[in-house]
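Everything on this sheet refers to the single structure shown next.
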Amino acid sequence: MTAKATTMASPEKIIEDALQKGEKSLSEYDSKRVLAAYGIPVTLEKTVKNKNDAVSAAKEIGYPVALKGSGEQLSHKTELDLIDLDLNNDESVSRSFERLVNRTDVKVDEVLVQQMVKGTRELMAGLIRDKHFGPCVMFGLGGIFTEILQDISFRAAPLSKWDTIQMMAEIRGKKIMDAFRGKPPVNREALASILSKIGEIGLVHKQIIEIDINPLKLIDGNPVAVDALIVLK
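In this note's numbering, the protein residues as written are 1151 to 1383.
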């Protein structure tokens, strides 16, 4: 659940507003609002437009936090150096906010203050819309090596419980989901639910042509969407 859950607009309204503005994708914040509306766990986060609100949001969420440049045009935040991680106090949040909004090479109108989720195990989940099979759910290893390793399984929506179990078993790196160095195993029931709900979103919202949740990180074994992008038709 997001930090703004009490004021969350419906997925239909979020998508409709974006399409009316001619946007081709949703911002990370709006992408997660759509996911959260379907019960997919996302990081606590809040968008802000001034330094004082950034500090207040960080205190509300709880340190440490991450700050990111926010907006539908900023889908490649890592490449644009628009992310500051592991900020532990008011001063570091203030400095980060100033750095992001004062960039001269890219326009940053608002900043996302986000719960910091640590951990080295990273998964990914998402959806593509195939012209023959319709919405297809994907699952695999996440993080910066997703495109290099290409360890991904696919299923056409809707997904049964058996489909989700098979997808987890098919990836080569499936052992990453087991207990590891004192860390609990991945909650496979929760992960299965996420995969099923992604398929549901693709079936309900024909305007969505792609969903990219990368990474899915773990909090006590439970997967949480740390970054997300929804691409529109």
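C-beta: ideal position from N, C-alpha, C; glycine also.
query                                                                                                      : result
Min CB distance GLU1210 to chain B below 8 Å                                                               : Absent from the structure is chain B; it holds one protein chain and no more.
The beta strand (DSSP E) enclosing GLU1350, as first and last residue numbers                              : No beta strand (DSSP E) holds GLU1350; the alpha helix (DSSP H) holding it covers 1338-1354.
Buried versus exposed call for ASN1239 [16 or more other C-beta atoms within 10 Å across all chains shown] : exposed
Whether ILE1423 touches LYS1257 by CB criterion (8 Å)                                                      : Missing from the structure shown is residue 1423; the chain here goes from 1151 to 1383 and no further.
Residues near VAL1381 in its chain [Cβ-Cβ closer than 6 Å; skip 5 each side]                               : SER1175, ILE1359, GLU1360
Distance CB(PRO1285)-CB(GLY1371) smaller than 8 Å                                                          : no
Distance between LYS1196 and ALA1186 (C-alpha atoms, nearest Å)                                            : 14 Å
Cβ pair SER1310, GLY1290 closer than 8 Å                                                                   : no
Bridge partner(s) assigned by DSSP for GLY1284                                                             : ASP1280
Unbroken beta strand (DSSP E) run spanning ARG1305, endpoints                                              : 1302-1306
Closest Cα partner of SER1246 within the set THR1228, VAL1205, ASP1377, GLY1332                            : VAL1205
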